[in-house]
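Trainee: Can you read through this structure? Questions will come right after.
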Amino acid sequence: MASETDLDSELLGEFSDVEASEDDAVDDLSADDDDAFEPDVDREFDEELTAAYAPGYRKTNSDDAVGAFFKEMARYPLLKPGEEIELARQVKFLAEVEAVRDRLKTTLQRSPSKAEVAQEFGLSDRQLDHRMHRSRTAKRKMIRSNLRLVVSIAKRYLNRGVPFLDLIQEGALGLNRATEKFDPDKGYKFSTYAYWWIRQGITRTIANDARTIRLPIHIVEKLNKLKKAHRELRRDLNRNPTEVELAAALDIPVDQLRNLQQVRRRSLSLNHRVGKGEDTELMELLEDSSTQSPEAKMNESMLRHEIYTVLADVLTEREKDIISLRYGLLTGETHTLEEVGVLFDLSRERVRQIQTKAMRKLRRPQVAARLKGWLR
Numbered sequence: 006m007a008s009e010t011d012l013d014s015e016l017l018g019e020f021s022d023v024e025a026s027e028d029d030a031v032d033d034l035s036a037d038d039d040d041a042f043e044p045d046v047d048r049e050f051d052e053e054l055t056a057a058y059a060p061g062y063r064k065t066n067s068d069d070a071v072g073a074f075f076k077e078m079a080r081y082p083l084l085k086p087g088e089e090i091e092l093a094r095q096v097k098f099l100a101e102v103e104a105v106r107d108r109l110k111t112t113l114q115r116s117p118s119k120a121e122v123a124q125e126f127g128l129s130d131r132q133l134d135h136r137m138h139r140s141r142t143a144k145r146k147m148i149r150s151n152l153r154l155v156v157s158i159a160k161r162y163l164n165r166g167v168p169f170l171d172l173i174q175e176g177a178l179g180l181n182r183a184t185e186k187f188d189p190d191k192g193y194k195f196s197t198y199a200y201w202w203i204r205q206g207i208t209r210t211i212a213n214d215a216r217t218i219r220l221p222i223h224i225v226e227k228l229n230k231l232k233k234a235h236r237e238l239r240r241d242l243n244r245n246p247t248e249v250e251l252a253a254a255l256d257i258p259v260d261q262l263r264n265l266q267q268v269r270r271r272s273l274s275l276n277h278r279v280g281k282g283e284d285t286e287l288m289e290l291l292e293d294s295s296t297q298s299p300e301a302k303m304n305e306s307m308l309r310h311e312i313y314t315v316l317a318d319v320l321t322e323r324e325k326d327i328i329s330l331r332y333g334l335l336t337g338e339t340h341t342l343e344e345v346g347v348l349f350d351l352s353r354e355r356v357r358q359i360q361t362k363a364m365r366k367l368r369r370p371q372v373a374a375r376l377k378g379w380l381r
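Count along the sequence shown from 1, add 5, and you get the number used in the numbering used here.
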């Protein structure tokens with residue numbers, strides 16, 4: 006019969022796409038490892054935040070909630086191997102009951118009664134309730150006793166755009182799913198099995214919620230592979246890899262690599278505070294090239310007014326209107342000869358003739374001198 010270690014290795018081999026830095030991420034949570042999780046949880050939490058955040062970081066209400074969770078978590082001892090197997094077998098009864106209910110519902114074409122379900126197990130209603138209660142209690146105990154594993158995995162994903170407490174909550178959902186799916190008769194440890202469900206819950210919520218603009222899961226997975234390949238090549242080459250080297254390592258075209266690098270960029274709020282004292286918002290430092298400064302707006306307004314005054318002094322009313330429309334002197338929007346012709350019920354050629362005549366008047370020396378200062 007294969008040993009427990011061999012079975013654990015076999016299970017780990019099914020997940021060959023895991024990053025190298027996470028291959029040893031599952032801690033051995035047997036009773037011998039109590040010391041690994043019995044320290045002062047307040048101190049452990051403070052040390053984690055100190056390491057994860059920038060110097061000068063101040064704890065928030067969310068951090069206090071996580072601290073309270075740590076204290077609650079420390080109340081539940083780790084399970085011994087024998088306890089783990091016994092509890093898992095009790096939890097399996099919940100899945101068996103659900104399977105029987107589904108089968109009876111299909112057969113009877115209606116929801117089965119409690120008595121019908123109990124009869125399938127050779128139990129009375131009261132005995133079924135008792136076993137269900139024991140199974141739920143066992144499930145709750147397994148989850149509470151393995152919350153340390155959730156926290157230890159969630160810590161690896163700090164500063165990924167999702168609050169620590171949210172990471173823990175998503176990891177706990179994965180732990181709940183692992184408790185329901187675990188088969189103790191296959192021989193591997195629950196912590197080994199649960200790790201993958203916890204990690205999946207955490208990584209999926211990061212993929213879905215970490216970015217302002219959500220990326221599809223398959224793109225997030227490609228970005229993770231890109232990050233891993235970049236790290237490995239940089240370690241092997243002792244320099245940053247080129248695009249060609251990265252594309253070859255990922256077995257993708259260079260154009261696809263560039264697209265991945267483009268979507269890898271993160272958005273940043275214009276209200277993000279910067280500077281030593283964080284007293285300045287980012288939007289105060291960025292210039293909007295599509296918006297004119299007050300000085301430019303004033304100059305443009307004065308220019309339009311002066312030009313329009315000159316046009317009124319030199320040109321006829323129709324000439325002035327046609328020139329204004331053709332060059333956008335009033336609104337900034339220019340019009341074609343055909344558009345102006347439609348407005349004045351004139352042909353394109355007639356509009357062109359009027360425009361030419363008006364421009365000839367504006368080129369007179371005495372008129373040009375009035376506009377010279379504005380047209381430099």
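Virtual Cβ for every residue (Gly too), placed ideally from N, Cα, C.
All values derive from a computational prediction rather than experimental measurement.
Based on Cα-Cα distance, which residue from 191, 291 and 156 lies nearest to residue 179?
Mentor: Considering only alpha carbons, the answer is 156.
Trainee: Under a Cβ-count criterion, where at least 16 other Cβ atoms within 10 Å of its own Cβ denotes burial, should residue 87 be classed as buried or exposed?
Mentor: Looking at its Cβ environment, which holds fewer than 16 other Cβ atoms inside 10 Å, residue 87 is exposed.
Trainee: Closest by CA to residue 224, which one among 206, 265 and 200?
Mentor: For the residues 206, 265 and 200, the minimum Cα distance to residue 224 belongs to 265.
Trainee: Which same chain residues, not among the five before or five after residue 102, have their C-beta less than 6 Å away from its C-beta?
Mentor: Excluding positions up to five away in sequence, the list is empty.
Trainee: Note the first and the last residue of the continuous alpha helix (DSSP H) segment covering residue 140.
Mentor: Per DSSP, residue 140 belongs to the alpha helix (DSSP H) from 130-150.
Trainee: Consult DSSP for residue 167 and reduce its assignment to one of helix, strand or coil.
Mentor: The answer is coil: DSSP assigns residue 167 none of H, G, I, E or B.
Trainee: So, using beta-carbon positions, are residue 212 and residue 222 closer together than 7 Å?
Mentor: Yes, the Cβ-Cβ distance between residue 212 and residue 222 is below 7 Å.
Trainee: When the distance is taken between beta carbons, is residue 159 closer than 7 Å to residue 5?
Mentor: The question about residue 5 has no answer, for the chain in this structure spans 6 to 381.
Trainee: Quick one: using the 10 Å Cβ neighbour count with 16 as the cut-off for buried, is residue 120 buried or exposed?
Mentor: With fewer than 16 Cβ atoms within 10 Å of its Cβ, residue 120 is classed as exposed.
Trainee: Suppose contacts are defined by Cβ-Cβ distances below 7 Å. Is residue 330 in contact with residue 340 by that definition?
Mentor: Yes, they are a contact pair.
Trainee: Determine, using beta-carbon pairs with one atom in the stretch 127-137 and one in the stretch 69-87, whether at least three such pairs fall under 8 Å.
Mentor: Not touching, per the Cβ criterion.
Trainee: At the level of alpha carbons, what is the spacing between residue 186 and residue 240?
Mentor: Cα-Cα distance, rounded: 39 Å.
Trainee: What would DSSP say about residue 226, mapped onto helix, strand or coil?
Mentor: Here residue 226 sits in helix by DSSP.
Trainee: For residue 147, tell me which candidate among 270, 312, 196 and 244 has the shortest Cα-Cα distance.
Mentor: The shortest Cα separation from residue 147 among 270, 312, 196 and 244 belongs to 196.
Trainee: Among 193, 164, 191 and 151, whose alpha-carbon lies nearest the alpha-carbon of residue 182?
Mentor: Checked all of 193, 164, 191 and 151; the closest Cα to residue 182 is 151.
Trainee: Note the first and the last residue of the continuous alpha helix (DSSP H) segment covering residue 299.
Mentor: Looking at the DSSP string, the run of the alpha helix (DSSP H) that includes residue 299 is 299-319.
Trainee: What did DSSP end up calling residue 283 once you bin it into helix, strand or coil?
Mentor: Residue 283: coil per DSSP, three-state reduction.
Trainee: Find the nearest neighbour of residue 333 within the set 319, 321, 310 and 354, judged by alpha-carbon distance.
Mentor: Residue 310 is the option with its Cα nearest to residue 333.
Trainee: Examine the Cβ distances between the stretch 304-319 and the stretch 257-275 and report whether three or more of them are shorter than 8 Å.
Mentor: In short, these stretches do not touch, since the Cβ pair count stays below three.
Trainee: Could you give the residue range of the alpha helix (DSSP H) that holds residue 95?
Mentor: Counting along the chain, the alpha helix (DSSP H) containing residue 95 begins and ends at 86-113.
Trainee: Go through its chain and collect everything with a Cβ distance to residue 362's Cβ below 8 Å, but skip five positions before and after it.
Mentor: Correct list, in chain order: 324.
Trainee: Just verifying my parser: in three-state terms, what is the DSSP assignment at residue 271?
Mentor: Note: residue 271 maps to coil in three-state DSSP.
Trainee: What residue from 343, 89, 105 and 336 has the CA that sits closest to residue 190's CA?
Mentor: Considering only alpha carbons, the answer is 89.
Trainee: Starting from residue 326 and walking both ways along the alpha helix (DSSP H), at which residues does that stretch end?
Mentor: Run containing residue 326: 322-332, per the alpha helix (DSSP H) assignment.
Trainee: Within this structure, are the beta carbons of residue 312 and residue 359 separated by less than 7 Å?
Mentor: Contact flag unset, no.
Trainee: Residue 254 to residue 244, Cα distance in whole Å?
Mentor: C-alpha separation (whole angstroms): 15 Å.
Trainee: Cβ of residue 162 within 7 Å of Cβ of residue 218?
Mentor: Contact: no.
Trainee: Who are residue 182's beta bridge partners in DSSP?
Mentor: Answer by DSSP bridge pairing: none, since residue 182 is not bridged.
Trainee: For residue 238 versus residue 250, is the C-beta distance shorter than 7 Å?
Mentor: Yes, the Cβ-Cβ distance between residue 238 and residue 250 is below 7 Å.
Trainee: In whole angstroms, what separates the C-alpha of residue 167 from that of residue 280?
Mentor: Rounded to the nearest angstrom, the two C-alpha atoms are 23 Å apart.
Trainee: When you measure from the CB of residue 166 to every non-hydrogen atom of the ligand MN, does any distance come out below 6 Å?
Mentor: The ligand MN is not among the ligands present in this structure, which contains no ligands whatsoever.
Trainee: Could you tell me the boundaries of the alpha helix (DSSP H) in which residue 214 lies?
Mentor: Residues 195-214.
Trainee: Compare the C-alpha of residue 256 against each of 234, 275 and 242 and name the closest.
Mentor: That would be 234, whose Cα lies nearest to the Cα of residue 256.
Trainee: Rounded to the nearest angstrom, how far is the Cβ of residue 5 from that of residue 199, given a contact under 8 Å?
Mentor: What the structure shows of the chain is the stretch from 6 to 381, and residue 5 is not part of that stretch, so it cannot be assessed.
Trainee: Give the secondary structure of residue 236 by DSSP, where H, G and I count as helix, E and B as strand, and everything else as coil.
Mentor: DSSP places residue 236 in helix when its eight states are reduced to three.
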